[in-house]
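Undergrad:
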Amino acid sequence: MKKQYRTIKFAFGFALSGLILAGLTSCGKKDENSPGVEFMPDMYRSNSLEYYQTHTVDGQTEMNAKLPVKGTVARGFLPYAYENNTEGYEKAGLNLKNPLTEKSREEYEKEGEVLYGKFCVHCHGATGAGDGKVGGKLPGPPPAYSSLKITEGKMFHTITYGKGTMGAHNSQLTQEERWKLVYYVQKLQGPPKGAASDSLKTAAVTPTVAAKK
Ligand code: HEC
49 MKKQYRTIKF AFGFALSGLI LAGLTSCGKK DENSPGVEFM PDMYRSNSLE
99 YYQTHTVDGQ TEMNAKLPVK GTVARGFLPY AYENNTEGYE KAGLNLKNPL
149 TEKSREEYEK EGEVLYGKFC VHCHGATGAG DGKVGGKLPG PPPAYSSLKI
199 TEGKMFHTIT YGKGTMGAHN SQLTQEERWK LVYYVQKLQG PPKGAASDSL
249 KTAAVTPTVA AKK
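My numbering applies: residue 49 is where the sequence shown begins, and numbers increase by one.
1) Indicate, with yes or no, if the ligand HEC has a heavy atom lying under 7 Å from the CB of His172.
2) Whole-angstrom Cβ separation of Tyr99 and Ala113, contact assumed at under 8 Å?
3) Taking the CB atoms as reference points, tell me whether Lys235 and Tyr137 lie closer together than 8 Å.
4) Please report how far the alpha carbon of Thr196 lies from the alpha carbon of Gln108, in whole angstroms.
5) Just to check, is the beta-carbon of His103 closer than 7 Å to a non-hydrogen atom of the ligand HEC?
6) Drop a sphere of 10 angstroms on the beta-carbon of Pro200, count the other beta-carbons inside from all chains shown, and report buried for 16 or more, exposed for fewer.
7) My understanding is that Pro190 touches His172, with C-beta atoms under 8 Å, so please give their C-beta distance in whole angstroms.
8) Applying the criterion that 16 or more other CB atoms from any shown protein chain within 10 Å of the CB defines a buried residue, is Leu144 buried or exposed?
9) For the beta strand (DSSP E) that Met111 lies in, which residues bound it at each end?
10) Of all the options Lys139, Pro89, Val230 and Lys185, which has the alpha carbon lying nearest to the alpha carbon of Ile207?
11) Which residues bound the alpha helix (DSSP H) around Thr199?
12) Consult DSSP for His217 and reduce its assignment to one of helix, strand or coil.
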């Protein structure tokens, strides 16, 4: 009995001194930011690469965030053939046609309207008059859509890359969404004024009309 009592006492004393030791070592005042003893360092210090840092393999230091390999196309991404310059703008204006024809135009306009409310209305205004709350604060406010005489290809190009103080929207909107917006912008434009109702189509063949825009 006595021996058992002594073992319990010893175990208790051992545990107590362990606790005191842990208490003393864990609350050092040397470095206030030190986390103290790390029991499982792997949990704190992950081996994975951090974003936007560098790593070194075979003596070569590279960025962790990689650009796509040249000539490759990301899954679900449609490449856009025209470059972000005046030539690309003119060519897009001549060659691009709205490919969305499966549903009715009204349906696309409705979907475009939703996107317009999220991405465009603050600059271009609800009726496309260029009187959005942000539009008025720009050095050159957006033009009223009704005054635009440009083809759908040019609209698409501008929504893709931006123009003047209008930013690019190709990272926020898929090509399909941009084409829906083109339908909606055309709806806001109203029927073409003056000449024949297909004056937009004519402009596509004779780009000189809007070349300096
Ligand atoms: C930051 C404000 C701003 C936003 C947001 C914006 N625009 Fe614009 N937009 C402008 C300005 C300013 C212009 C005139 C650019 C110029 O001609 O220099 C313009 C021009 C245009 C044009 C005429 C393009 C041309 O080739 O002349 C179209 C079409 C257009 N915007 C559509 C849109 C659509 C659709 C959206 C939403 C996806 C949008 N914009 C979002 C400011 C904006």
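C-beta atoms are modelled at their ideal positions from N, C-alpha and C, and glycine is treated no differently. For clarity, every value in this text was computed on a predicted model and none was experimentally measured.
TA: The answer reads as follows:
1) yes
2) Rounded to whole angstroms, the Cβ separation of Tyr99 and Ala113 is 6 Å, and the two are in contact under 8 Å.
3) no
4) Sequence check: residue 196 is Leu here, not Thr. Taking the straight line joining both Cα atoms gives about 53 Å.
5) no
6) Sequence check: residue 200 is Glu here, not Pro. When all chains shown are included, Glu200 counts as buried.
7) 5 Å
8) buried
9) Gln108 to Met111
10) The candidate whose alpha carbon is nearest that of Ile207 is Val230.
11) From DSSP, Thr199 is part of no alpha helix (DSSP H); its letter is neither H nor E.
12) coil
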